[in-house]
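Chains as they are written, first to last, in my numbering: chain B, 1 to 358; chain E, 1001 to 1292; chain G, 2001 to 2356. The block underneath contains the structure these notes are about, expressed in structure tokens.
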Amino acid sequence: MQLLDVSFRAGSETWLHPFSLTLAEKEINVVLGATRSGKTTLLRILAGLERPRSGRLVHDGQDLTGVPVRRRSVAMVYQQFINYPSLTVFENIASPLRVAGAGKNDIQMQVAALAELLQLTPMLTRYPAELSGGQQQRVALARALARNADLLLLDEPLVNLDYKLREGLRIELAQIFSQRDATVVYTTTDPQEALQLGGFTHVLHEGRLLQSGRALDVFRHPATLDVARAFSDPPLNLIPGRFDPAGRHLLLADGSTVPLPSWLVARAAPDTIFALRPYQLTLTSRNDARCSITGVVELAEISGSETYVHLTAARASLIAQLPGVHQFELGQRCTLYFAPEDLLCFQADGTLLRGLEG
Amino acid sequence: MNRIKPVNQRAWWLVLPVLLSVAFSALIPLMTVVNYSVQDILGPSQRVFVGMEWYKETLRDPELHAALLRQLTFSIAVLLIEVPLGVALALAMPARGWRASLTLVIFAMPLLVPWNVVGTIWQIFARGDIGLLGYVLARLGIGYNYAQNPTDAWVTVLIMDVWHWTSLVALLAYAGLRAIPEAYYQAARIDGAGRWAVFRYIELPKLRPVLMIAVLLRFMDSFMIYTEPFVLTGGGPGTSTTFLSQYLTQKAVGQFDLGPAAAFSLIYFLIILLACFVLYNFMNQAETRDAT
Amino acid sequence: MARIQLIDIAHSYDPGAAPWALKPLTTTWEHGGAYALLGPSGCGKTTLLNIMSGLVRPTQGRVLFNDLDVTLLPPEARNIAQVFQFPIVYETMTVFENLAFPLRNRRWSGTEIRKRVHEIAEILELGADLGRRAQGLSAEIKQRLSLGRGLVRPDVAAVLFDEPLTVIDPHVKWLLRRKLKQIHQQLELSLVYVTHDQTEALTFADRVVVMAQGEILQTGSAEELFETPAHQFVGHFIGSPGMNFVACEWREGAARIGDAAIRSRSASPPDRVESLSLGIRPEHVTLHQAAGDNCVPARIVSLRDEGTRSIAVIEIAGQTVNARLPQAPRFSANAPLFAHFPAERCALYADGRRVA
Chain B
1 MQLLDVSFRA GSETWLHPFS LTLAEKEINV VLGATRSGKT TLLRILAGLE
51 RPRSGRLVHD GQDLTGVPVR RRSVAMVYQQ FINYPSLTVF ENIASPLRVA
101 GAGKNDIQMQ VAALAELLQL TPMLTRYPAE LSGGQQQRVA LARALARNAD
151 LLLLDEPLVN LDYKLREGLR IELAQIFSQR DATVVYTTTD PQEALQLGGF
201 THVLHEGRLL QSGRALDVFR HPATLDVARA FSDPPLNLIP GRFDPAGRHL
251 LLADGSTVPL PSWLVARAAP DTIFALRPYQ LTLTSRNDAR CSITGVVELA
301 EISGSETYVH LTAARASLIA QLPGVHQFEL GQRCTLYFAP EDLLCFQADG
351 TLLRGLEG
Chain E
1001 MNRIKPVNQR AWWLVLPVLL SVAFSALIPL MTVVNYSVQD ILGPSQRVFV
1051 GMEWYKETLR DPELHAALLR QLTFSIAVLL IEVPLGVALA LAMPARGWRA
1101 SLTLVIFAMP LLVPWNVVGT IWQIFARGDI GLLGYVLARL GIGYNYAQNP
1151 TDAWVTVLIM DVWHWTSLVA LLAYAGLRAI PEAYYQAARI DGAGRWAVFR
1201 YIELPKLRPV LMIAVLLRFM DSFMIYTEPF VLTGGGPGTS TTFLSQYLTQ
1251 KAVGQFDLGP AAAFSLIYFL IILLACFVLY NFMNQAETRD AT
Chain G
2001 MARIQLIDIA HSYDPGAAPW ALKPLTTTWE HGGAYALLGP SGCGKTTLLN
2051 IMSGLVRPTQ GRVLFNDLDV TLLPPEARNI AQVFQFPIVY ETMTVFENLA
2101 FPLRNRRWSG TEIRKRVHEI AEILELGADL GRRAQGLSAE IKQRLSLGRG
2151 LVRPDVAAVL FDEPLTVIDP HVKWLLRRKL KQIHQQLELS LVYVTHDQTE
2201 ALTFADRVVV MAQGEILQTG SAEELFETPA HQFVGHFIGS PGMNFVACEW
2251 REGAARIGDA AIRSRSASPP DRVESLSLGI RPEHVTLHQA AGDNCVPARI
2301 VSLRDEGTRS IAVIEIAGQT VNARLPQAPR FSANAPLFAH FPAERCALYA
2351 DGRRVA
């Protein structure tokens, strides 16, 4: 399925600037973007609930742009656990099958199978209002799967669930999708989710499509600085310094230098932007992590298995994601190490100069 | 959010019966009225085309101006009394439990009374001899006679309308109040806000859309009011409570002069349309101004 | 600053029905501490917060602020500030007027109000927005404003937060978390924060109270909760992915998974040996090709490369265990592998509670 030169406007505001997007068939397509970046609008256009202002929606050579929703093979799951409140869980899941005219035995079998898959079997006779948030969302999902559509759309389906439940359901969803034949489009604001679900990632930013590709590829080779920023949580670190060709090192604002290996020196220019993801900064120097940067600790935040350290170094703010629990004093001087291979380099206009290997 | 829904042809077939009945009962008669308004109808088969003659005559009619003025005064008075009163009542109504249900039923009752019965109730109620209100006022020494004193008649019509229709505003405001999340009240309590501050800064802003509807409805209905004042005072004493619709009816039905009456009714229609348009835009603008 | 004590507090929204929303608990929150109430939806954390703020009167028990019984006092008499899930601002007023509102209600003079509002606006970085109308602002600014309205009263004893970052964009959540931490440092207030997100809780608080189903399971620092969870639920809830629990049995003086003996952190045997589970965090599981001490045969079921880390799902004695590996390991397929559980990281659990 492809969107060709699609754009969308509401009144005087442009919500989607013209772009083309190709969905990976029968795979998970994650649409990643901040709130109001146009993800929901994109989803609605794919579903047929909105007509794009320009451009076409093409599938298998057929132009689907004007086709009404009812005639498309599409199923959708929303953020807000939407189910038919007056029908039991069984009836909810069965409803698309009934609309399609399936026979009684067929319905029985399929509903039982889906309930089993989503662990809803003990709840088949209850009403959605009696279930917890996670269970309601599973019912919505089962109903969407029952439709057996070619296109399965999910609009931030886990965002209203508590984080532990989200973790568990995400893994379940990834497994369920891998066993099905449908093309899945899943929107999220969380880069971690995009990485955990795998599949293809399409990065949206302020109504523009910035990059499409396999999740890890986009992560390691972001086409522009904006993509790298959108795909980084905690936020991307911009190393505060300029490349000094004479000294063959990075000159930081506070005067200190970071020596760079020759293969990097060969490609860098004085206006190159160097960026580093927080998890690539470590407390100890290793063979490959030779470059160091020293700063003052502003804040240290502990999150279960990791510590996030906010540093001020060379008059810029940096964030490091360190494994394990570490205690820091505020104002303490701290040296962090990184490997130059882990640097993302961008040209002055934001396009990628060098991505990560791996 | 402006949504352009994909076109679904089948829906038009479902709407067709309604379209036909609306055409039959509203559009065709409207066309007839327009037709009459540009003709002088001397007899069943004698008609003369007079163009805009009736319109000019109607607009120059001093009695029309008087009735229009009376009508505007009445509508504005109605709004000024009923809207604040309705909101105040809504604030006083219990929010939940059996008391809420009981209060809602009591408030709904005036709205369920047929309009001519409303007129009749008040006509009797306000009489000095057999009416409770009239009798009490007479006993208290207050000179009150709605049949002879224009001011008394005006006040009585006004109070009757307030009695009849304030409930509508109250019920709309009540629904609007229930929609305000509890968290706002909690935050206000913690901020130490007094009752008036809570009303001014939380309830009133949140009630704005509801009040817009209430004002629009009450304005339109009061501008077209006919039955109740007609039953109560017959338009009198003299013409002191003859509002626009009654004047129109007098002309059309009483005098059987269809031409001018048709012109008048079109003018009436346009006046209401214009007033509502202006009112609605004004309130909408106030809303968008706050949003920026 | 306030020392808040909850004595035998319990609450039910429907006293006839069991279970109660909050089972009886007694706990103390010290002056100037930053606490987090962490737990899944429905665990009772919001109820507990509302009992502290006075919005809910507990079915039983007493609430003391600095040894003064406030159980029957309404919120406005308790000198607390509360920040809700959705920003609550007075939309018809400007940012300045919003901040000034609680002070006007207390009849402060104009100059005093201006001074205090500017002070607080400075701390919360709202100085530039003071003249703007509250209605059109972003959610993050509105939440800061809600917080500001709470902080503007100098006699505020405690600030209570009810999942305040819910509507905030993930990219911006960091800013608010950092701001909250700075405020804690600068203003020395008691802060209580309710959330279901472990990162928020562990980042924000000095001490985290983990709750589930109306009970407090464990109170401790982030390290304590991570390294030594007292309850299986705590181990599962904290950490992403949560702690692994492998069923084992006690035979011949040692905990055994299959045939392998696994030593745990404590030297003495547990007081209970029925339905034992071994708890080990995915971060501490390592994979090796050769057997060794505290090792169990394992088979890799799947490997997920998540960019910043790799999660290996391995099968041990018929059970699934997650292992978090720093980078994608290079093992040949079907090669025999052993999972190593460092003894000092293992703990034994019986019936959900830690026994060794």
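For glycine and all other residues, C-beta sits at the position ideal for the given N, C-alpha and C.
R2116(G) and G2042(G) have their C-alpha atoms roughly 38 Å apart.
Closest by C-alpha distance to I2262(G), out of P2019(G), L2099(G), F2237(G), A2291(G), is A2291(G).
Between the segment 41 to 48 of chain B and the segment 226 to 238 of chain B there are fewer than three inter-stretch CB-CB distances shorter than 8 Å, so the stretches are not counted as touching. Annotation: A2230(G) to G304(B) spans about 15 Å, alpha carbon to alpha carbon.
The criterion of a C-beta distance shorter than 8 Å is satisfied by E298(B) and T312(B). About 6 Å separates the Cβ atoms of E1082(E) and W1165(E), confirming a contact at the 8 Å cut-off. Secondary structure at P259(B): strand, using DSSP grouped into helix, strand and coil.
Between the C-alpha atoms of L1207(E) and A1214(E) there is a straight-line separation of about 10 Å. Taking a C-beta distance under 8 Å as the contact criterion, V1038(E) and F1049(E) qualify as a contact pair. Under the 8 Å criterion on CB atoms, A34(B) is classed as interfacial with respect to chain G. At a Cβ-Cβ threshold of 8 Å, L1232(E) and Y1268(E) do not count as neighbours. Beta-bridge partners of H2340(G) (DSSP): T2286(G), C2295(G). Closer than 8 Å to the CB of R2149(G) there is at least one CB belonging to chain E. Close CB contacts of Q327(B) within its chain, under the 8 Å cut and outside five residues either way in sequence, are with A300 (chain order).
C2248(G) is bridged by DSSP to L2276(G). If you look at P1150(E), you'll find it in the alpha helix (DSSP H) that goes 1150 to 1178.
The beta carbon of S2041(G) falls within 8 Å of a beta carbon belonging to chain B, placing the residue at that interface. Checking the DSSP bridge columns, you'll see L1027(E) has no partner listed. Counting C-beta atoms within 10 angstroms of its own C-beta, M1031(E) has fewer than 16 neighbours from the protein chains shown and is therefore classed as exposed. Near chain G, meaning a CB-to-CB distance below 9 Å, no residue of the segment 1225 to 1242 of chain E qualifies.
L2303(G) places its beta carbon 8 Å or farther from that of A2317(G).
The beta-bridge partner set that DSSP reports for D244(B) consists of H249(B).
Fewer than three beta-carbon pairs drawn from the segment 319 to 326 of chain B and the segment 214 to 227 of chain B are found closer than 8 Å, and the two stretches are therefore not classed as touching.
According to the DSSP assignment, D254(B) belongs to no beta strand (DSSP E), since it is labelled neither H nor E. For L131(B), none of the residues of chain G pass the 7 Å Cβ criterion, the least Cβ distance being about 12 Å.
If you check the CB distance, G2054(G) and S2190(G) do not come in under 8 Å.
N2322(G) has V2313(G) as its beta-bridge partners, per DSSP. Note that the C-beta distance between M1283(E) and M1224(E) is not below 8 Å. Distances from the CA of Q1186(E) to each of Q2218(G), R2299(G), D2162(G) were compared; the closest alpha carbon is that of D2162(G). Taking all protein chains shown into account, D2197(G) has 16 or more neighbouring C-beta atoms within 10 Å of its C-beta and is therefore buried. When the alpha-carbon of V89(B) is set against those of L264(B), R143(B), V185(B), R36(B), the nearest one is in R143(B).
By the CB criterion at 8 Å, A2158(G) and I2080(G) fall inside the cutoff.
In terms of Cα proximity to Y1201(E), the closest of R2324(G), E2091(G), T2026(G), R2353(G) is E2091(G). For P157(B), there are no C-beta contacts with chain G under 8 Å, since the nearest C-beta of that chain is about 16 Å from it. Out of A1193(E), F1277(E), P1017(E), L1248(E), the CA that lies nearest to the CA of T1058(E) is found in L1248(E). For R2345(G), there is no enclosing beta strand (DSSP E), since its DSSP letter is neither H nor E.
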